[in-house]
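In my numbering, the protein residues as written are 2 to 760.
Everything on this sheet refers to the single structure shown next.
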């Protein structure tokens with residue numbers, strides 16, 4: 002339910018109004034219709050979300066508006082109706098106090114030359130989600146950057162993927178990357194960066210998974226200590242010889258009574274520039290030069306959400322808040338800061354921080370953009386919000402398809418709201434536990450109700466199909482075999498190009514894509530142990546000659562193509578006359594272990610080779626045995642520990658028939674939204690319902706305006722009371738002794754909850 006200041010509570014006391022804007026200019030209309038739906042691929046009686054549908058509208062322009070144009074056809078300059086992709090907004094209300102119904106673009110139109118009738122079809126901005134998205138395969142505990150080091154405990158909650166997909170389409174929960182950005186980590190349920198390289202990551206108090214809490218923008222870091230390197234370019238090479246900005250989102254809504262603070266630090270070896278958030282509610286600018294720490298300036302959090310620290314080469318330090326406040330100070334930088342690239346970036350949110358943080362980025366720019374960020378998403382974390390164990394490679398998938406797939410898996414609701422804000426609501430908020438926003442009764446707002454009741458939504462049982470990652474080897478070393486060549490035979494001067502990809506239901510976690518030539522210095526021991534990737538070949542004459550190829554006789558280059566494919570080019574140089582080159586090891590090489598004799602080459606190893614295996618679980622609630630089975634696929638999107646709860650939740654809703662409300666005609670309230678939970682009461686019946694569709698129609702006739710609104714509802718809980726007449730009709734045949742005998746095993750509470758049960 003939208004909150005609009007001054008919107009009337011008595012919907013019959015003020016004159017209806019409607020405003021249709023074309024590219025920001027109000028235009029007159031004869032009628033306007035807006036339809037907003039929350040579709041579902043699940044049985045209609047299930048209250049969870051599944052699927053995505055665009056909000057649509059139709060605007061019939063007034064004859065006065067059309068008459069301004071010399072043409073009423075789409076041909077010619079300046080013609081009417083509006084062109085496709087022009088922006089249309091629809092606002093509706095009472096007495097001039099209006100709520101937004103639709104923000105969209107013209108997708109087409111129609112009209113009549115003789116009647117000068119012109120209409121435009123409108124659709125919301127769902128087209129923005131038709132973007133390709135690629136995400137590398139991830140583990141919640143990523144292998145170390147360098148073999149033998151510590152695991153990088155990054156975490157990957159489902160919300161990380163929702164946010165990551167939306168960011169690729171221009172929807173940002175935390176600020177988008179500024180111009181000159183060299184590091185960015187949204188920290189939306191994962192420490193994995195969107196720009197830069199993760200060097201280390203863990204919780205703030207121990208070597209383990211970081212913690213995340215719900216934030217106004219989605220999720221924020223509650224216990225995290227992570228280090229990164231920057232992604233430099235020639236223009237932005239990490240030197241503070243031009244203004245540098247460090248931006249951070251501060252979650253002031255969590256208000257945890259902790260003493261831990263948060264810091265965001267850019268390091269030049271032992272020197273640093275830092276923006277910090279104290280447990281007492283201050284944002285500070287600090288530096289360390291030559292081992293001496295000092296505070297340059299500070300600003301209270303106040304009503305700020307995003308804070309940017311700008312530091313100039315001349316030593317001017319400024320903290321700017323998204324609520325418009327600033328504070329400045331001066332402090333000289335070290336020569337190393339202005340002459341050498343920074344060495345690392347560290348984000349630390351102390352364990353159980355008083356103010357969790359997110360949206361960390363470093364940029365070299367003179368323009369403040371992060372603090373002016375207008376969030377165009379509204380994301381609630383998944384119902385089961387703990388980290389997934391792993392995720393498969395996502396390569397050039399359509400973002401809209403991915404979001405549909407994830408929403409369907411989680412039974413979450415996703416849509417673009419009336420202002421075009423990408424909205425994600427988890428299934429817990431679509432149940433009776435969700436907040437009721439209004440009560441609708443015949444005496445106030447209910448006009449008519451059309452319902453339907455049948456067996457179509459009943460299932461005998463619910464089976465959840467899901468996928469889990471398995472691996473034969475968990476290691477801190479790059480020694481899990483990903484690919485081995487076929488031992489091809491090649492001639493002098495010949496070239497071979499091979500495309501190497503992970504197999505079906507397989508993913509490579511950090512494959513070594515820089516193979517070394519066997520025989521080069523330092524390769525013997527790693528090759529014997531299977532650490533890393535290697536190439537080589539055997540020069541042979543088929544009889545006595547059988548030796549390793551030299552560097553001039555064989556070379557290999559590797560190019561990464563996308564997320565999970567390598568292009569391997571093998572080039573043979575000039576071979577001795579009468580010989581060929583076979584892509585294998587010789588029969589015997591000094592120092593090479595015997596088990597590698599004649600082994601095919603090249604060989605590529607990864608830190609981890611994941612195999613995805615299908616599993617299933619059944620809900621505890623069973624329906625009629627002759628009803629069909631509901632199979633629901635969650636893929637990798639839901640953690641295995643959350644599958645049983647999802648199966649039980651679904652099966653409880655389909656084990657017996659439930660009525661659905663096709664249309665509830667109500668007094669129009671323009672503040673209503675999809676996923677609102679409303680209480681509908683009539684004839685001693687009380688229904689808690691989820692709004693899954695809204696249809697608004699407004700028509701003008703002279704100065705008169707008429708409005709109508711109908712809702713599509715899913716009933717998520719119901720109670721019904723009985724009158725004394727109902728009780729008398731049911732038990733009129735019985736005397737007190739017979740009535741007492743019928744109810745003798747039960748309590749008064751049982752009689753109160755279902756008084757007609759023993760009739």
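Using N, Cα and C, we set each Cβ at its ideal position, and we do this for glycine too.
| Burial state of residue 388 (16 or more Cβ within 10 Å) | Start at 1 with the first residue of the chain shown, and residue 388 comes out as number 387. Per the 10 Å Cβ criterion, buried.
| query | Which class does residue 356 belong to by DSSP, given the choice of helix, strand or coil? | reply | Mapped onto the chain shown, residue 356 falls at position 355. Three-state DSSP puts residue 356 in coil, outside helix and strand.
| task | Within its chain, find whatever has a CB closer than 8 angstroms to the CB of residue 7; leave out the 5 residues flanking it on each side and keep chain order. | result | Working through the chain shown from its first residue, we reach residue 7 at position 6. Counting only Cβ-Cβ distances below 8 angstroms, and skipping sequence neighbours, we find 98.
| field | Straight-line gap, residue 184 to residue 302 (C-alpha atoms, nearest Å) | value | Position 183 of the chain shown, counted from the start, is the residue given in the question as residue 184. Position 301 of the chain shown, counted from the start, is the residue given in the question as residue 302. Distance between the alpha carbons of residue 184 and residue 302: 24 angstroms.
| message | Helix, strand or coil for residue 650? Go by DSSP, reduced to three states. | response | Residue mapping note: residue 650 aligns to position 649 of the chain shown, counting from 1. If DSSP states are grouped into helix, strand and coil, residue 650 belongs with the helices.
| Roughly how many whole angstroms lie between the Cα atoms of residue 283 and residue 300? | Within the chain shown, the letter at position 282 stands for residue 283. Within the chain shown, the letter at position 299 stands for residue 300. Looking at the two C-alpha atoms, the distance is approximately 6 angstroms.
| task | Could you pull the start and end residues of the alpha helix (DSSP H) that residue 408 belongs to? | result | Translated into positions along the chain shown, residue 408 becomes position 407. From DSSP, the alpha helix (DSSP H) with residue 408 extends over 400–411.
| Beta-carbon proximity of residue 90 to residue 101, cut-off 8 angstroms | Position 89 of the chain shown, counted from the first residue, corresponds to residue 90. Position 100 of the chain shown, counted from the first residue, corresponds to residue 101. Yes. Within cutoff.
| Is there contact here, the segment 119–136 with the segment 387–404, by at least three beta-carbon pairs under 8 angstroms? | yes
| Between which two residues does the alpha helix (DSSP H) containing residue 245 stretch? | In the chain shown, counting from the first residue as 1, residue 245 sits at position 244. Per DSSP, residue 245 belongs to no alpha helix (DSSP H); it is in the beta strand (DSSP E), 245–251.
| Span separating the alpha-carbon of residue 566 from that of residue 499 | In the chain shown, counting from the first residue as 1, residue 566 sits at position 565. In the chain shown, counting from the first residue as 1, residue 499 sits at position 498. Going from the Cα of residue 566 to the Cα of residue 499 covers about 10 angstroms.
| query | Could you give the C-beta distance for residue 613 and residue 506, rounded to a whole number, given that I count them as a contact under 8 angstroms? | reply | Walking along the chain shown from the start, residue 613 turns up at place 612. Walking along the chain shown from the start, residue 506 turns up at place 505. Right, the Cβ-Cβ distance comes to about 4 angstroms (below 8 angstroms), so this counts as a contact.
| Roughly how many whole angstroms lie between the Cα atoms of residue 182 and residue 362? | Numbered from 1 along the chain shown, position 181 holds the residue referred to as residue 182. Numbered from 1 along the chain shown, position 361 holds the residue referred to as residue 362. Straight-line Cα distance between these residues: approximately 7 angstroms.
| Quick one: complete alpha helix (DSSP H) runs, 4+ long, within the segment 168–236? | none
| said: On the DSSP letters alone, give me the boundaries of the alpha helix (DSSP H) that residue 530 sits inside. | reply: Residue mapping note: residue 530 aligns to position 529 of the chain shown, counting from 1. Boundaries of the alpha helix (DSSP H) around residue 530: 525–530.
| query | Grouping DSSP H, G and I as helix and E and B as strand, with all else coil, what is residue 416? | reply | What you label residue 416 is simply residue 415 of the chain shown in a count that begins at 1. Here residue 416 sits in strand by DSSP.
| message | Between residue 620 and residue 375, how many whole angstroms is the CB-CB distance? I'm expecting something under 8 angstroms. | response | Taking the first residue of the chain shown as 1, we reach residue 620 at position 619. Taking the first residue of the chain shown as 1, we reach residue 375 at position 374. In fact, because the Cβ distance is near 42 angstroms, the residues do not count as touching under 8 angstroms.
| query | At which residue ranges does the segment 614–698 contain complete alpha helix (DSSP H) runs of 4 or more residues, listed in the order of the chain? | reply | 644–655, all fully within the segment 614–698.
| request: Mind checking who residue 1 pairs with in its DSSP beta bridge? | output: Absent from the model: residue 1. The displayed extent of the chain is 2 to 760, so no value can be given.
| Other residues of its chain near residue 456: CB distance less than 7 angstroms, five sequence neighbours each side excluded | Numbered from 1 along the chain shown, position 455 holds the residue referred to as residue 456. Excluding positions up to five away in sequence, the list reads 658.
| said: Using a Cβ distance threshold of 8 angstroms, determine whether the segment 407–419 contacts the segment 215–228, with at least three qualifying pairs required. | reply: no
| said: Can you look up residue 374 in the DSSP assignment and give me helix, strand or coil? | reply: The residue labelled residue 374 in the question sits at position 373 within the chain shown. Three-state DSSP puts residue 374 in coil, outside helix and strand.
| field | Proximity winner among 147, 322, 56, relative to residue 420 (alpha-carbon distances) | value | Mapped onto the chain shown, residue 420 falls at position 419. Taking only the C-alpha atoms, the option nearest residue 420 is 56.
| Between the segment 657–675 and the segment 690–703, do three or more beta carbon pairs fall short of 8 angstroms? | yes
| query | Beta-carbon separation of residue 125 and residue 103 under 8 angstroms? | reply | Numbered from 1 along the chain shown, position 124 holds the residue referred to as residue 125. Numbered from 1 along the chain shown, position 102 holds the residue referred to as residue 103. Yes, the Cβ-Cβ distance between residue 125 and residue 103 is below 8 angstroms.
| What is the DSSP secondary structure of residue 431, counted as helix, strand or coil? | The sequence position of residue 431 within the chain shown is 430, counting from 1. Helix at residue 431.
| request: Check whether the segment 156–174 touches the segment 340–348, taking contact to mean three or more Cβ pairs, one atom from each stretch, closer than 8 angstroms. | output: no
| task | Along the alpha helix (DSSP H) that carries residue 337, what are the first and last residues, could you check? | result | Numbered from its first residue, the chain shown carries residue 337 at position 336. In this chain, the alpha helix (DSSP H) harbouring residue 337 covers 336–340.
| field | CB of residue 591 within 8 angstroms of CB of residue 380, strictly | value | Residue numbering aside, residue 591 sits at position 590 when the chain shown is read from its first letter. Residue numbering aside, residue 380 sits at position 379 when the chain shown is read from its first letter. For residue 591 and residue 380, no; Cβs fall outside 8 angstroms.
| task | Determine the contact status of residue 252 and residue 372, defining contact as a CB-CB distance below 8 angstroms. | result | Taking the first residue of the chain shown as position 1, residue 252 is located at position 251. Taking the first residue of the chain shown as position 1, residue 372 is located at position 371. The Cβ atoms of residue 252 and residue 372 lie no closer than 8 angstroms to each other.
| request: Could you tell me the boundaries of the alpha helix (DSSP H) in which residue 439 lies? | output: The residue you call residue 439 lines up with position 438 of the chain shown. Unbroken run through residue 439 is the beta strand (DSSP E), 437–441; no alpha helix (DSSP H).
| Ends of the beta strand (DSSP E) at residue 120? | The residue given as residue 120 occupies position 119 in the chain shown. Where residue 120 is concerned, the enclosing beta strand (DSSP E) stretches over 118–124.
| said: Can you find the residues in the same chain that come closer than 6 angstroms, C-beta to C-beta, to residue 490, ignoring five residues on each side of it along the sequence? | reply: Along the chain shown, one-based indexing puts residue 490 at 489. Taken in chain order, the residues that qualify are 581, 583.
| task | Using three-state DSSP, classify residue 46 as helix, strand or coil. | result | As a working note, residue 46 is residue 45 in the chain shown. Coil, per DSSP.
| message | Going by beta-carbon coordinates alone, are residue 263 and residue 277 separated by less than 8 angstroms? | response | Here residue 263 refers to the residue found at position 262 when the chain shown is read from its first residue. Here residue 277 refers to the residue found at position 276 when the chain shown is read from its first residue. Taking 8 angstroms as the Cβ cut-off, residue 263 and residue 277 qualify as a contacting pair.
| field | Nearest neighbour of residue 543, chosen from 123, 465, 652, 587 [CA to CA] | value | The residue labelled residue 543 in the question sits at position 542 within the chain shown. It is 587 whose Cα lies nearest to the Cα of residue 543.
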